[in-house]
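J.:
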Amino acid sequence: MLTLAYNHPAIPAQERRLQQFIVDNAPILAFNAIATSHGDITYIQLQNVFNHQLAQWWILPHDNPQPANQYEASYWTLIQTLNGISDYQLMGDSFIQHKVVTLSCYLLNIGPCPQIATINRP
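Per this note's numbering, residue 845 is the first one in the sequence shown, and the count goes up by one each step.
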C-alpha cells in the first residue's frame with residue numbers, strides 16, 4: 845500500500861474563501877500604500893481602498909481570529925498600520941514609511957518576509 849510522504853490537511857471551504865480574499869486584496873492594498881508614500885495618490889484614496897476591503901471582509905463568514913499564515917498576518921499588520929496613522933506621518937515619518945514599504949514589498953512578493961508581532965483578524 846502506498847502512503848503519501850506529506851498529506852495536506854483539508855482546508856474548509858470557508859477558510860479557502862478567506863485566504864482567497866487575502867490573496868486577491870493584499871497586492872492591491874500594498875501597491876496603493878507604496879503609491880501613497882511616494883505621493884502618487886492621496887491618503888484619502890488609500891483610506892477608501894482599505895475601508896472598502898474591510899467592508900468586504902466583514903461580509904465573509906469567519907470565526908477564527910488567527911491569521912492563516914505569515915502573508916495574511918502581514919496584510920492585517922499593514923491595515924492596522926495604515927489605519928492608525930495620518931497622511932503626514934505616511935509621507936514624512938521615515939520609520940512608518942519603512943514599515944509600510946517593507947510590508948508592501950512582501951505582499952507584492954518582491955521583498956523578504958518581515959518580522960511582525962502577533963496580530964488577530966478584525
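For glycine and all other residues, C-beta sits at the position ideal for the given N, C-alpha and C.
Please read all numbers here as calculations on a predicted model, not as lab measurements.
For the alpha helix (DSSP H) holding residue 876, just list the boundary residues, first then last.
T.: Segment 857-881, the alpha helix (DSSP H) holding residue 876.
J.: Report yes if the CB atom of residue 960 is closer than 8 Å to the CB atom of residue 921, and no otherwise.
T.: A contact, by the Cβ cut-off of 8 Å.
J.: Pull up the distance between the alpha-carbon of residue 891 and that of residue 856, whole angstroms please.
T.: Each residue's Cα considered, the two are about 31 Å apart.
J.: How many whole angstroms separate the CB atoms of residue 881 and residue 934, which I take to be in contact at a CB cut-off of 8 Å?
T.: At roughly 6 Å, the Cβ-Cβ gap stays under 8 Å, so residue 881 and residue 934 are in contact.
J.: Quick one: Cα of residue 932 to Cα of residue 888, how far?
T.: So the alpha carbons of these two residues sit roughly 12 Å apart.
J.: Using 8 Å as the threshold, is the segment 906-920 in touch with the segment 938-955, meaning 3 or more CB pairs across them?
T.: At 8 Å Cβ cutoff, the stretches touch.
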